[in-house]
Amino acid sequence: MVVLAPPKRVLIVGSGENGSATALSLIKGPYKNHGHLLTMLDRSAEPPAADAASYDFNKIIRQEYSDEIYARLAHKAMDMWRTPEWQEHYHETGVVVSIAKSAIQGDYIKRALAVNALPGMQTEGKDAYILETAKDVKNVYPDGVELGEFAHQDSYINEAGGWGHSRGAVVDTVRRLREAGVRFIAAEAEELLYGMTNGKLDVRGVRAKNGTSYCADFVMLTMGAWTPKLVPELASKLLPTGQVVGVVKLNREELRRYKNVPVTRTVDNGFYIFPPTVDGIVKCAIHQQGYLNPIGDYKSLPRTILTPGYSKQHIPQEAADALKAGLARVYPELAAKPWFNTRLCWYSDRPSGDWLLDYHPKFPSLFIAAGCCGHAFKFMPILGDLILSSVEGTLPAAQKAIWAYDHQVPSRVDASRTFYKHKSLVGTVEAIVGKQARL
Ligand SMILES: Cc1cc2nc3c(=O)[nH]c(=O)nc-3n(C[C@H](O)[C@H](O)[C@H](O)COP(=O)(O)OP(=O)(O)OC[C@H]3O[C@@H](n4cnc5c(N)ncnc54)[C@H](O)[C@@H]3O)c2cc1C
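Throughout the sequence shown, residue numbering follows our numbering, covering 100 to 538 in sequence.
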């Protein structure tokens with residue numbers, strides 16, 4: 100284990116949620132008044148990069164995990180989201196979950212409610228309960244919002260939970276880091292640099308695409324879905340999977356009617372949809388196994404708005420159709436609107452569904468915090484501390500085991516996704532359906 104404290108210089112590669120949350124915990128803890136010893140390297144001069152997973156309007160914040168470790172951590176993170184430090188980016192709209200009666204994930208609601216009923220999982224003034232009839236479902240949506248067939252399926256609401264503005268939270272954290280003297284560099288890391296520590300080969304820093312070398316006493320990789328580019332041995336263990344996202348824009352009258360809807364998830368098709376932002380942006384997406392983009396020896400690497408030839412954020416036509424079908428099942432009126440934007444957003448997927456927060460087994464000065472598996476944003480207010488605990492070796496044993504580089508514990512994979520297979524972007528019919536190039 101490394102004692103991470105001044106005068107050690109730390110290089111953090113990637114300034115999305117993971118990198119910025121880690122640096123925030125460092126400047127609040129051992130690096131208080133020593134922000135100048137931290138360097139953040141990102142492809143973007145204004146992190147997060149436009150194609151990062153963190154660069155987004157909204158992410159679901161919820162505590163429904165069948166796994167008690169994540170459920171309790173999510174509950175703790177939600178308490179933090181409600182504090183003055185984070186509340187600007189948190190909207191506690193409640194989360195409705197619905198599932199078709201015939202679905203294979205049929206016991207989802209029972210399991211979710213069982214977790215919500217565990218001691219310590221309640222939130223004062225917020226209830227979690229089954230919506231028995233279509234009328235009960237209708238009652239948690241504002242008048243004037245037409246609901247689709249999901250309202251006739253098994254549903255429940257947890258009033259605790261809602262959504263967070265992920266880009267806003269990261270941009271705000273980056274601002275705080277800059278104010279604390281943390282150095283930001285816009286460059287793309289291309290390879291690791293090596294040296295010797297106590298006679299053992301170790302990582303010393305990175306060389307950027309522009310040829311410049313950046314060295315430090317401790318190197319942390321927080322590069323999300325791009326992590327395998329620097330550590331190719333993780334190409335399958337941190338698999339980049341493209342998940343489809345669509346955005347429609349409401350006019351003023353629609354915004355007035357929809358502004359108080361809860362987050363809605365239809366678990367059996369992985370579809371979820373957010374309330375509108377103040378600008379009338381409504382985002383929806385599908386949480387399934389996603390698309391692979393095979394390149395050379397890599398099973399998949401992200402293909403994004405910054406990939407030459409894809410600046411219009413193409414998505415497979417079948418994915419655009421699936422998004423529309425999901426939208427029609429929740430809000431038929433909005434399904435008739437044109438897409439404002441679409442996008443492939445890249446998860447860093449671990450087969451077990453657990454994050455990777457651990458040292459590289461061969462290099463004592465290299466730590467990796469990636470493998471979001473599409474569910475880590477909600478933990479942002481506590482994630483940096485979890486990462487530092489892992490660096491310091493103070494994580495509880497159960498957490499250490501699930502986030503270990505060599506995952507040896509039974510899989511706690513997200514069961515709602517296991518019913519789908521990966522699809523490939525190769526050979527798909529592409530659609531450019533959004534009017535706007537950028538989200
Ligand atoms: C479609 C989608 C929906 C999601 N929904 C939810 C949700 O509802 N709830 C939830 O809790 N979580 C959700 N997540 C997960 C959440 O977005 C991630 O946990 C979080 O954004 C991961 O942050 P990160 O810092 O690991 O990666 P990123 O945000 O991708 O940041 C990685 C950073 O590394 C930089 N970088 C990459 N390569 C290099 C390089 N070579 N050199 C320098 N810099 C580099 C990039 O520029 C980028 O800024 C979702 C993710 C996606 C993709």
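Even for Gly, the Cβ is constructed at its ideal location relative to N, Cα and C.
Measuring straight from C-alpha to C-alpha, what distance separates Glu223 and Asp367? 30 Å
Other residues of its chain near Ile160: CB distance less than 7 Å, five sequence neighbours each side excluded: Met177, Trp180, Tyr189, Gly260, Gly261, Trp262, Gly263 and Lys477
Quick one: what's got a C-beta closer than 7 Å to Lys200's C-beta in the same chain, skipping five residues either side? Gln252 and Asp253
Run the proximity test for Asn257: is its beta-carbon closer than 7 Å to any non-hydrogen atom belonging to ligand 1? no
Touching or not, the segment 384-397 and the segment 336-355, by the rule of three or more beta carbon pairs under 8 Å? yes
Checking 8 Å against the spacing of the C-beta atoms, do Trp325 and Pro401 come in under that value? yes
Hey, would you say the C-beta of Asn117 is under 7 Å away from at least one heavy atom of ligand 1? yes
How is the beta strand (DSSP E) around Val196 delimited, first residue to last? Val194 to Ile198
What does the alpha-carbon distance come out to for the pair Thr272 and Leu455? 22 Å
Looking at ligand 1, does it come within less than 7 Å of Glu287, judged from the CB to the closest heavy atom? yes
Euclidean distance between Cα positions of Val305 and Gly113: 12 Å
Going by C-alpha distance, which of Tyr430, Lys209, Gly298 and Ala227 is nearest Thr192? Ala227
Is the separation between the beta-carbon of Lys107 and that of Asp316 shorter than 8 Å? yes
Exposed or buried, which one is Ala288 when buried takes at least 16 other CB atoms within 10 Å? buried
Excluding five sequence neighbours on each side, which residues of the same chain lie with their C-beta closer than 8 Å to the C-beta of Lys299? Pro463
Under the rule that 16 or more other beta-carbon atoms within 10 Å means buried, what is Arg303, buried or exposed? buried
Return the chain-ordered list of same chain residues with a C-beta closer than 8 Å to the C-beta of Glu290, the five sequence neighbours on each side being excluded. Val305, Arg306 and Leu329
Taking Ile385 as part of the alpha helix (DSSP H), name the residues at either end of that continuous run. No alpha helix (DSSP H) contains Ile385, which is instead part of the beta strand (DSSP E) from Ile380 to Ile385.
Give a yes or no on whether the C-beta atoms belonging to Phe249 and Val429 are separated by under 8 Å. yes
When every heavy atom of ligand 1 is checked, does at least one fall within less than 7 Å of the C-beta of Lys131? no
Using a threshold of 7 Å, is the CB atom of Trp325 nearer than that to any non-hydrogen atom of ligand 1? yes
Only counting the same chain, and skipping five residues up and downstream in sequence, which positions put a Cβ closer than 7 Å to that of Tyr397? Pro327 and Ala334
Would you call the CB atoms of Pro375 and Val362 closer than 8 Å? no
Going by other Cβ atoms of all chains shown within 10 Å of its Cβ, with 16 needed for buried, is His459 buried or exposed? buried
From Gly128 to Phe283, what does the alpha carbon distance come to, in whole angstroms? 19 Å
Can you find the residues in the same chain that come closer than 6 Å, C-beta to C-beta, to Ala144, ignoring five residues on each side of it along the sequence? Ala285
Taking the DSSP output, what are the residues bridged to Leu405? Paired residues: none, contrary to the question.
Start and end of the alpha helix (DSSP H) containing Asp178? Glu167 to Trp180
Just list the beta strand (DSSP E) runs in the segment 225-279, keeping only unbroken ones of 3 residues or longer that don't cross its boundaries, in chain order. 227-230, 253-257 and 261-263
So, helix, strand or coil for Met479, using DSSP? helix
Top-ranked residue by Cα proximity to Lys426, from Ser165, Ala173 and Glu245: Position check: residue 426 holds Leu in this sequence, whereas Lys was assumed. The candidate whose alpha carbon is nearest that of Leu426 is Glu245.
Tell me the DSSP bridge mates of Asn440? Val346
Local Cβ density within 10 Å of Gly323, reported as buried at 16 or more and exposed below that: buried
Do the segment 345-353 and the segment 432-445 touch if we need at least three Cβ pairs shorter than 8 Å? yes
Where the alpha helix (DSSP H) through Val508 begins and ends: First-last for Val508: undefined, no H or E at that position.
What is the rounded straight-line gap between the Cα of Ser451 and the Cα of Ala211? 19 Å
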